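First the structure, in the form of structure tokens, and then the observations on it.
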Amino acid sequence: MSLIFSLAKSFLKSRKSRTILSIIGISIGFMLLISSNILMSTLEKSNENIIEEKYGNYDLIVGYQKSSLFLNNSDVDKINKLENIQQTSPFLYPYIGKNTPYKKAMEIQPMYVGLKSDSLSKEHEFTKLSSGHLPGKSEVVVPYSWAKAKNLKLGSTLTFPFPPNEEKTVRVSGIMKKSEYLHSVVLFQYDWLSKATSQDNHVTTLMIKLNDWHAKGQVINQLKEIDPKFFIDGQIKMDKEREQLGGLKPVVQGLNIAVLIGSALLLISTLQMSIQEKKKELATLRLLGAKKIQIAWLVISESIIIAISSALLGVIFGIGISFILKDVIIKVSGIPVENIYIEWPSIMYSVLLGIFITIVASTIPATLASKLSPMQAYRQSIDTEHKTRVALPFISVCLVFLSIALSFFNYVKIHDPKIYILSAAILILSIFLGISFLLRCTVKILSFIIKPFLKQYSLLASRNTIRQLRRSVQIAGVIMLGVIISVVGISVLTTVRDTTEKSILTKYPLSHVIDSNSEYDKPGLPLTFYKQVDSIPGVKSVPVYKNITVFTQNFDESNIKKNSKLILYNINKKREVMTGLQGVDFNKMKSSLPLKVTKGSININQLNQGGVVITNYGSKVLGYKLGDYIKVIHDKELNFKEDKLEYKNGKSKEQVLSLKVVGIIKDYPMQEGPDIGIYTSPEFIKKRFNVDSIDEVYYKILDKKSKNNIENKVEALIGNQPSSKVILYDRQTELETLYNQFNQRVVILLSCVLLMCLLAMIGLMNSMASSLQERSREFATIRALGSNTKYIVRLTLVEGALVTLGGGILGALFGSVLLNQLLLSLDHNSITLPWKMIIICLITTPILGLVATLIPAMYLSKRDILKELSD
Numbered sequence: 000m001s002l003i004f005s006l007a008k009s010f011l012k013s014r015k016s017r018t019i020l021s022i023i024g025i026s027i028g029f030m031l032l033i034s035s036n037i038l039m040s041t042l043e044k045s046n047e048n049i050i051e052e053k054y055g056n057y058d059l060i061v062g063y064q065k066s067s068l069f070l071n072n073s074d075v076d077k078i079n080k081l082e083n084i085q086q087t088s089p090f091l092y093p094y095i096g097k098n099t100p101y102k103k104a105m106e107i108q109p110m111y112v113g114l115k116s117d118s119l120s121k122e123h124e125f126t127k128l129s130s131g132h133l134p135g136k137s138e139v140v141v142p143y144s145w146a147k148a149k150n151l152k153l154g155s156t157l158t159f160p161f162p163p164n165e166e167k168t169v170r171v172s173g174i175m176k177k178s179e180y181l182h183s184v185v186l187f188q189y190d191w192l193s194k195a196t197s198q199d200n201h202v203t204t205l206m207i208k209l210n211d212w213h214a215k216g217q218v219i220n221q222l223k224e225i226d227p228k229f230f231i232d233g234q235i236k237m238d239k240e241r242e243q244l245g246g247l248k249p250v251v252q253g254l255n256i257a258v259l260i261g262s263a264l265l266l267i268s269t270l271q272m273s274i275q276e277k278k279k280e281l282a283t284l285r286l287l288g289a290k291k292i293q294i295a296w297l298v299i300s301e302s303i304i305i306a307i308s309s310a311l312l313g314v315i316f317g318i319g320i321s322f323i324l325k326d327v328i329i330k331v332s333g334i335p336v337e338n339i340y341i342e343w344p345s346i347m348y349s350v351l352l353g354i355f356i357t358i359v360a361s362t363i364p365a366t367l368a369s370k371l372s373p374m375q376a377y378r379q380s381i382d383t384e385h386k387t388r389v390a391l392p393f394i395s396v397c398l399v400f401l402s403i404a405l406s407f408f409n410y411v412k413i414h415d416p417k418i419y420i421l422s423a424a425i426l427i428l429s430i431f432l433g434i435s436f437l438l439r440c441t442v443k444i445l446s447f448i449i450k451p452f453l454k455q456y457s458l459l460a461s462r463n464t465i466r467q468l469r470r471s472v473q474i475a476g477v478i479m480l481g482v483i484i485s486v487v488g489i490s491v492l493t494t495v496r497d498t499t500e501k502s503i504l505t506k507y508p509l510s511h512v513i514d515s516n517s518e519y520d521k522p523g524l525p526l527t528f529y530k531q532v533d534s535i536p537g538v539k540s541v542p543v544y545k546n547i548t549v550f551t552q553n554f555d556e557s558n559i560k561k562n563s564k565l566i567l568y569n570i571n572k573k574r575e576v577m578t579g580l581q582g583v584d585f586n587k588m589k590s591s592l593p594l595k596v597t598k599g600s601i602n603i604n605q606l607n608q609g610g611v612v613i614t615n616y617g618s619k620v621l622g623y624k625l626g627d628y629i630k631v632i633h634d635k636e637l638n639f640k641e642d643k644l645e646y647k648n649g650k651s652k653e654q655v656l657s658l659k660v661v662g663i664i665k666d667y668p669m670q671e672g673p674d675i676g677i678y679t680s681p682e683f684i685k686k687r688f689n690v691d692s693i694d695e696v697y698y699k700i701l702d703k704k705s706k707n708n709i710e711n712k713v714e715a716l717i718g719n720q721p722s723s724k725v726i727l728y729d730r731q732t733e734l735e736t737l738y739n740q741f742n743q744r745v746v747i748l749l750s751c752v753l754l755m756c757l758l759a760m761i762g763l764m765n766s767m768a769s770s771l772q773e774r775s776r777e778f779a780t781i782r783a784l785g786s787n788t789k790y791i792v793r794l795t796l797v798e799g800a801l802v803t804l805g806g807g808i809l810g811a812l813f814g815s816v817l818l819n820q821l822l823l824s825l826d827h828n829s830i831t832l833p834w835k836m837i838i839i840c841l842i843t844t845p846i847l848g849l850v851a852t853l854i855p856a857m858y859l860s861k862r863d864i865l866k867e868l869s870d
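Heads up: the sequence shown begins at 0 in numbering that gives the first Met the number 0, then just goes up one per residue.
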């Protein structure tokens with residue numbers, strides 16, 4: 000084995016320039032792999048530190064919002080034993096909730112919170128102190144505003160009531176940080192407060208830290224199994240900020256794989272050149288008794304040396320470029336990075352994976368080398384026209400037509416996303432099997448097209464390109480891969496951006512949204528909250544009331560079209576539709592948003608008496624017209640029984656409502672997509688269902704100069720709400736986040752494509768240098784017959800351009816088909832032709848070929864003719 004490695008090193012040293020170029024090209028792939036690994040780890044670590052500092056290093060809060068309900072020791076033990084639970088910390092709210100028996104006594108008091116002084120509880124916003132320490136026995140931590148207003152200092156004493164027990168005097172042990180949200184909360188030591196309020200071993204909420212935040216959904220489901228009544232705060236904002244960065248990781252990983260494939264193709268091309276150049280040496284080894292397996296191991300040994308050398312260079316330059324790109328990454332991601340984090344185990348795994356892929360790729364040329372006939376090698380050292388098996392081109396073409404036909408049939412008839420994915424997989428397989436044949440056909444067509452413009456070059460250049468096809472196919476493959484990534488990647492990202500942008504503008508018709516984030520059967524924000532927001536000067540707002548889930552009782556199934564996606568439910572042996580009945584303040588809505596009435600009118604008095612408004616879409620799908628009565632029943636009056644709905648009791652039928660359609664509108668501004676909702680007045684919903692809570696508040700800021708002041712007031716109102724689940728959305732922030740994510744992914748994708756182009760250029764330069772060296776006698780003969788130096792240079796430039804343009808054309812064609820298959824699988828309803836990207840690729844790819852071929856062509860043109868002919 001040592002002899003084989005010695006021979007491999009000797010062969011590589013004999014052609015230093017080609018070996019060095021190959022190592023540089025493949026090391027670029029390793030460099031990207033290492034730098035992306037380091038930079039992603041750095042961004043994740045930095046982002047996690049920012050999130051933890053902003054929201055606290057915990058994942059869930061579970062418990063109740065009533066003092067009458069609490070977790071006992073058994074519940075806490077069950078939760079602690081759940082998988083993925085790392086740590087928990089108890090909180091006690093002895094007087095929380097509207098129905099506390101001590102409501103009058105505690106009405107003017109702040110909210111009491113009992114907590115333990117452990118590492119987890121210190122992650123809560125409550126525990127961020129400006130001075131002092133967390134409370135011990137008979138101690139209290141007070142808000143900053145209290146300390147200011149009442150001139151309290153550390154050591155000051157206060158007296159608080161603790162019903163059903165007597166008042167107690169406590170000492171101030173700490174003062175909270177200044178916050179608009181924590182002006183009415185005081186902290187006590189958990190054990191002391193539980194005894195002071197006679198609530199021993201009561202836990203109102205439990206703070207939870209998980210081993211892995213990705214398991215949060217699973218843990219939430221497990222918690223709901225323990226008690227469905229649990230209130231669970233899942234730190235949604237924290238997860239959202241994590242996911243914004245998390246979406247980058249699969250993009251980077253996918254592009255890393257693509258670059259590794261490009262590096263592997265470059266290695267295959269390099270080894271095939273090496274085999275071509277040393278055919279006679281290999282033939283001599285065979286004649287001296289070397290076995291086929293030893294020849295194969297010789298080629299694989301070369302690949303191992305190249306791969307390890309490239310990996311070492313890649314690691315060094317990858318780490319170096321990570322430090323250089325630190326400031327660029329900060330600008331692109333928007334995440335402040337203080338230190339570069341290097342995870343050595345992950346880097347070692349990436350390096351070993353890269354080496355493994357390159358070595359596996361070397362088995363292709365190794366197999367070809369082992370099959371080389373010694374006599375054939377002596378007769379001819381130049382690789383003549385590469386002949387492919389007839390079966391592979393035929394199979395490839397059949398697969399292409401099968402993929403397109405399957406996609407077309409699915410588009411017209413079935414509309415199944417999985418079939419589009421299958422079609423895309425078939426197309427990729429067809430490319431893999433038929434790339435050599437496809438490139439041959441493309442070059443022939445190109446030579447025919449350019450013949451009128453380059454008569455003296457086109458025929459000879461195309462024949463030389465085809466003759467050197469075995470070398471060219473990998474280079475064209477790298478170009479093709481880069482073009483496909485460009486066409487598919489940029490187009491998909493642009494489509495997703497445009498679709499999301501439209502969705503955001505539809506979802507937030509006004510600039511801001513306050514979402515109660517409450518479950519459908521739970522109350523939302525109180526009406527007083529909306530009135531407080533609406534009363535802020537410079538604000539124009541629209542309330543969205545909680546809707547009531549109802550089922551129709553007089554739906555005519557014959558109105559449904561065959562392709563309708565409307566879901567029907569069996570209710571007392573009749574098929575009905577589920578929809579929402581919602582109160583709408585139409586006066587407020589009309590003053591802020593476009594509302595077009597197509598039939599009838601919106602009369603508040605009629606709505607208060609049971610009149611309703613529906614959309615054009617709802618009228619068309621459900622079959623209700625102006626003046627019709629829609630009979631509905633509240634879902635609470637129905638029970639599920641064996642996949643069917645039945646009246647809960649004999650009185651349920653009496654609860655059926657008859658709602659008259661008094662108006663039809665074009666669409667409801669607050670609803671995105673198809674809408675079959677039924678809309679009436681808030682007064683009717685309040686009178687009939689005793690529901691007047693707010694699900695969302697849409698508002699816009701009219702006074703731009705007071706924007707910061709208004710936003711602070713709104714955030715203060717949100718902070719005063721008992722639920723921590725309320726979310727404030729800013730449309731501009733959402734759009735900026737979208738654009739930042741788009742720019743991040745485009746920069747990463749284009750960087751990857753740029754590296755692949757560099758790989759292709761290095762490979763083509765290497766290939767052309769080797770090819771021109773072998774054909775030096777041919778070119779010398781051409782020059783001796785009267786052709787000048789410029790002719791030789793132009794001829795070789797045309798060859799290089801044909802290879803890269805052929806790869807570009809194939810990449811554009813297959814990329815366009817793959818793009819539409821992927822978009823259709825994502826419910827994009829129209830065929831897209833990314834003509835801008837196609838034009839850019841078709842202009843860029845031949846330029847790459849010209850640049851890569853220029854240096855070896857110029858070098859060849861200056862060689863001595865007589866010397867070449869004499870040799």
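The beta carbon of each residue, even a glycine, is placed where N, CA and C say it ideally should be.
Note that this is a predicted model, so its numbers are computed, not measured.
Cβ pair S26, L312 closer than 9 Å:
Locating residue 26 in the sequence shown gives position 27, counting from the first residue. Locating residue 312 in the sequence shown gives position 313, counting from the first residue. Against a cut-off of 9 Å, the Cβ pair of L312 and S26 comes out as a contact.
**OP:** Report, in whole angstroms, the separation of the C-beta atoms of M836 and I449, which I expect to be a contact under 8 Å.
**Re:** As a position in the sequence shown, residue 836 is number 837, starting the count at 1. As a position in the sequence shown, residue 449 is number 450, starting the count at 1. Wrong, their Cβ atoms sit about 23 Å apart, outside the cutoff.
- prompt: Out of curiosity, what's the CA-to-CA distance linking K643 and L621?
  reply: For the purposes of this step, residue 643 is taken as the residue at position 644 of the sequence shown. For the purposes of this step, residue 621 is taken as the residue at position 622 of the sequence shown. Within the model, the alpha-carbon separation for K643 versus L621 is close to 21 Å.
Would you please state the rounded distance, in angstroms, between the beta carbons of I434 and V486? I believe it to be under 8 Å. The sequence position of residue 434 within the sequence shown is 435, counting from 1. The sequence position of residue 486 within the sequence shown is 487, counting from 1. About 17 Å separates the Cβ atoms of I434 and V486, ruling out a contact at the 8 Å cut-off.
Exercise for the section: Give the single residue among E138, P668 and I484 whose Cα lies nearest to the Cα of I747. Expected result: On the sequence shown, position 748 is the one that residue 747 refers to. Comparing Cα positions, the closest option is I484.
(message) Run through the DSSP bridge pairs and tell me what D76 is partnered with.
(response) One-based indexing of the sequence shown puts residue 76 at position 77. Looking at the DSSP output, D76 bridges to nothing.
Open item on the list: Output needed for T383: all residues of its chain with C-beta closer than 7 Å, excluding positions within five of it in sequence on either side, in chain order.
Closed with: Indexing the sequence shown from 1 puts residue 383 at position 384. Here the model assigns T383 a pLDDT of 40, short of 50, so the residue's position is not dependable and the matter cannot be decided.
- Message: With DSSP as the reference, identify every bridge partner of P364, one or two as the case may be.
- Response: Sequence index remark: in the sequence shown, residue 364 carries index 365 (1-based). Under DSSP, no beta-bridge partner is assigned to P364.
(message) Using the three-state DSSP reduction, which class does T383 fall into: helix, strand or coil?
(response) Within the sequence shown, residue 383 is the residue found at index 384, counting from 1. Model confidence at T383 stands at a pLDDT of 40, short of 50, so the residue's coordinates are unreliable; what they give is reported in the following sentence. The answer is coil: DSSP assigns T383 none of H, G, I, E or B.
For this session: Out of E301, K640 and T168, point me to the one whose CA is closest to F159's CA.
Result: Here residue 159 is taken as the residue at index 160 of the sequence shown, counted from 1. Out of E301, K640 and T168, T168 has the C-alpha closest to the C-alpha of F159.
**Study point:** Buried versus exposed, by CB contacts within 10 Å (16 or more), Q731
**Key:** One-based indexing of the sequence shown puts residue 731 at position 732. When all chains shown are included, Q731 counts as exposed.
(message) Starting from L727, trace the beta strand (DSSP E) in both directions and tell me its first and last residue.
(response) Working through the sequence shown from its first residue, we reach residue 727 at position 728. Residues I726 to D729.
Legend entry - Opening and closing residue of the alpha helix (DSSP H) in which E122 lies: Here the question's residue 122 lines up with position 123 in the sequence shown. No alpha helix (DSSP H) contains E122, which DSSP labels as neither H nor E.
**Message:** Out of D634, K635 and L580, which one is the CA nearest neighbour of G610?
**Reply:** Within the sequence shown, the letter at position 611 stands for residue 610. Nearest C-alpha to G610: L580.
Integer Cβ distance of P93 from T196, believed to fall under 8 Å: By 1-based counting over the sequence shown, the position of residue 93 is 94. By 1-based counting over the sequence shown, the position of residue 196 is 197. The C-beta separation of P93 from T196 comes to about 4 Å, placing the pair in contact by the 8 Å criterion.
For D232, write down the residues that DSSP places opposite it in a beta bridge.
By one-based count along the sequence shown, residue 232 stands at place 233. I60.
**Study point:** Same chain, Cβ closer than 7 Å to K595, five either side skipped, listed in chain order
**Key:** Taking the first residue of the sequence shown as 1, we reach residue 595 at position 596. The residues are I664 and K665.
### Query
Of the residues L737, L656 and K102, which one's Cα is nearest the Cα of L934?
Outside the shown range of the chain (0 to 870) lies residue 934, about which nothing can therefore be said.
Quiz prompt | Coil, strand or helix - G676 by DSSP | solution = By one-based count along the sequence shown, residue 676 stands at place 677. G676: coil per DSSP, three-state reduction.
### Message
Restricting to Cα atoms, I'd like to know which of R170, K208 and H132 is closest to N56.
### Response
Locating residue 56 in the sequence shown gives position 57, where the first residue counts as 1. Sorting R170, K208 and H132 by C-alpha distance to the C-alpha of N56 places K208 at the top.
Using a Cβ-Cβ cut-off of 6 Å (strictly less than) and excluding sequence neighbours within five positions of P416, which residues of its own chain qualify? Here residue 416 refers to the residue found at position 417 when the sequence shown is read from its first residue. Excluding sequence neighbours, P416 sits near S824.
Rounded to a whole number of angstroms, what is the C-alpha to C-alpha distance between R496 and N707?
Your numbering for residue 496 matches position 497 in the sequence shown. Your numbering for residue 707 matches position 708 in the sequence shown. Put simply, the backbone Cα of R496 is about 28 Å away from that of N707.
Since I693 and V543 are thought to touch, with beta carbons under 8 Å apart, how far apart are those beta carbons, to the nearest angstrom? The residue labelled residue 693 in the question sits at position 694 within the sequence shown. The residue labelled residue 543 in the question sits at position 544 within the sequence shown. 7 Å between Cβ atoms; contact.
**Asked** Taking 8 Å as the cut-off, is the CB of E51 close to at least one heavy atom of the ligand GDP?
**Response** No copy of the ligand GDP occurs in the structure displayed, which carries no ligand at all.
Those runs of the alpha helix (DSSP H) which lie wholly inside the stretch 146 to 229 and span at least 4 residues: DSSP assignment within the stretch 146 to 229 yields the following whole alpha helix (DSSP H) runs of 4 residues or more, N-terminal first: 189 to 195 and 215 to 225.
Practice item. Below 6 Å CB to CB, which residues in the same chain sit around L181 once its five sequence neighbours on both sides are set aside? Key: To locate residue 181, count along the sequence shown from 1; it is residue 182. P142 and M175.
Residue range of the beta strand (DSSP E) that includes V631: Working through the sequence shown from its first residue, we reach residue 631 at position 632. First-last of the beta strand (DSSP E) with V631: Y628 to H633.
Cα-Cα separation, I566 to Y646: Residue numbering aside, residue 566 sits at position 567 when the sequence shown is read from its first letter. Residue numbering aside, residue 646 sits at position 647 when the sequence shown is read from its first letter. Spanning the two alpha carbons is a distance of roughly 20 Å.
Query raised in the report: Taking the Cβ atom as the reference point for each residue, do Q820 and L428 lie within a distance shorter than 9 Å?
Result: By 1-based counting over the sequence shown, the position of residue 820 is 821. By 1-based counting over the sequence shown, the position of residue 428 is 429. Their beta carbons are not under 9 Å apart, which means Q820 does not touch L428 by this criterion.
*Within the chosen definition, does the stretch 63 to 77 reach the stretch 252 to 266 through at least 3 CB pairs nearer than 8 Å?*
At 8 Å Cβ cutoff, the stretches do not touch.
Which ranges does the alpha helix (DSSP H) cover as unbroken runs of at least 4 residues, wholly within the stretch 534 to 620, from first to last along the chain?
-> Runs of the alpha helix (DSSP H) spanning 4 or more residues and lying entirely within the stretch 534 to 620 occur at 585 to 591 and 603 to 607, in chain order.
Span separating the alpha-carbon of K44 from that of E122:
In the sequence shown, the residue the question calls residue 44 occupies position 45. In the sequence shown, the residue the question calls residue 122 occupies position 123. One C-alpha to the other measures close to 18 Å.
Subject >> Contact the stretch 394 to 413 vs the stretch 364 to 371: 3+ CB pairs below 8 Å >> reply: Look at the beta carbons and you see the stretch 394 to 413 not touching the stretch 364 to 371: under three pairs across the two are nearer than 8 Å.
*asked:* Within the continuous alpha helix (DSSP H) that includes Y54, where are the two ends?
replied: Along the sequence shown, read from residue 1 onward, the residue named residue 54 stands at position 55. Where Y54 is concerned, the enclosing alpha helix (DSSP H) stretches over K15 to Y54.
Would V327 be called buried (16 or more neighbouring beta carbons within 10 Å of its own) or exposed? Within the sequence shown, numbered from 1, the residue matching residue 327 stands at position 328. Flag for V327 reads exposed.
For a quick check, are the C-beta atoms of N765 and G24 less than 9 Å apart? On the sequence shown, residue 765 is found 766 positions in, with the first residue counted as 1. On the sequence shown, residue 24 is found 25 positions in, with the first residue counted as 1. A contact, by the Cβ cut-off of 9 Å.
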